[in-house]
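Student: To start, I am sharing the structure in question, which I have written as structure tokens.
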Amino acid sequence: MNKVLFLFPVLLLIGAGVYLFQGQKSNLENLVPVNFQQYINCTKSLPNPYPYFPCSQDSGFFDAYKHFMAATDSPQAPQACKDYSVYKQQNIQTTNLINQNDYFFNCYITEEVRYIANFNKCFFKYFYAPYFLTCSGFDIYAYPPYTPYSIDN
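Per this note's numbering, residue -6 is the first one in the sequence shown, and the count goes up by one each step.
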């Protein structure tokens, strides 16, 4: 009986430790660091969504695109977007990482931007996910539970 009482808290602690150390996916990092040359090569291999996908001519696609641009490339965009723009201009021809100082992540992968991208399935699957998730090394966000869509289908 004493052994059972001793083992129960030990097993409970081990179980709690395993649960905590498995890591929750709330603070994801750039799992596959990508440099500018890799990013450019990847994005050049993608088809332009506008002429190739009929859904990209729908108003929902354009609405999502308009909101996306307002959130990432406007005077009201977060400071990280402005910092990334300057950083990109200085490093575009280099092998420096695109997510230096988390500029890329804090501009294009924020919850707000991902929320906007999920407004329209076509925008998400053919523009946002390939250009801003897959090519940048943040492709984990291109699948559930981070989006209702999967870029595989």
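Using N, Cα and C, we set each Cβ at its ideal position, and we do this for glycine too.
The structure presented is a predicted model; accordingly, all values stated were derived computationally and were not measured.
Does Gly130 pass the burial test, meaning 16 or more other C-beta atoms within 10 Å, or should it be called exposed?
Tutor: Here residue 130 is taken as the residue at index 137 of the sequence shown, counted from 1. Classification of Gly130: buried, given that the 10 Å Cβ count is 16 or more.
Student: Might you give, ordered along the chain, the residues of its own chain that have their beta carbon closer than 7 Å to the beta carbon of Tyr80, omitting 5 neighbours on each side?
Tutor: The sequence position of residue 80 within the sequence shown is 87, counting from 1. Closer than 7 Å at the Cβ level, and outside the excluded window around Tyr80, lie Gln93, Tyr96.
Student: Kindly identify the DSSP beta-bridge partner or partners of Leu90.
Tutor: Taking the first residue of the sequence shown as 1, we reach residue 90 at position 97. Per DSSP, Asn28.
Student: Could you have a look at Pro71 and say whether DSSP puts it in helix, strand or coil?
Tutor: Taking the first residue of the sequence shown as 1, we reach residue 71 at position 78. Coil.
Student: Would you identify the three-state DSSP class for Phe125, choosing helix, strand or coil?
Tutor: As a first step, residue 125 must be located in the sequence shown, where it is residue number 132. Helix, per DSSP.
Student: Within 10 angstroms of its Cβ, does Tyr58 collect 16 or more other Cβ (buried), or is it exposed?
Tutor: In the sequence shown, counting from the first residue as 1, residue 58 sits at position 65. It is buried - the Cβ of Tyr58 has at least 16 other Cβ atoms within 10 Å.
Student: Return the chain-ordered ranges of every alpha helix (DSSP H) run that is complete within the stretch 34 to 69 and spans a minimum of 4 residues.
Tutor: Runs of alpha helix (DSSP H) with 4 or more residues, each lying fully within the stretch 34 to 69, are found at 42 to 45, 52 to 65, listed in chain order.
Student: Relative to the alpha-carbon of Val25, which residue among Asn41, Leu90, Ser49 has its alpha-carbon at the smallest distance?
Tutor: Numbered from its first residue, the sequence shown carries residue 25 at position 32. It is Leu90 whose Cα lies nearest to the Cα of Val25.
Student: Sort Lys37, Tyr119, Tyr101, Phe54 by Cα distance to Ala73 and report the nearest one.
Tutor: Reading the sequence shown from its first residue, position 80 is the one you call residue 73. Measuring from the Cα of Ala73, the nearest candidate turns out to be Tyr101.
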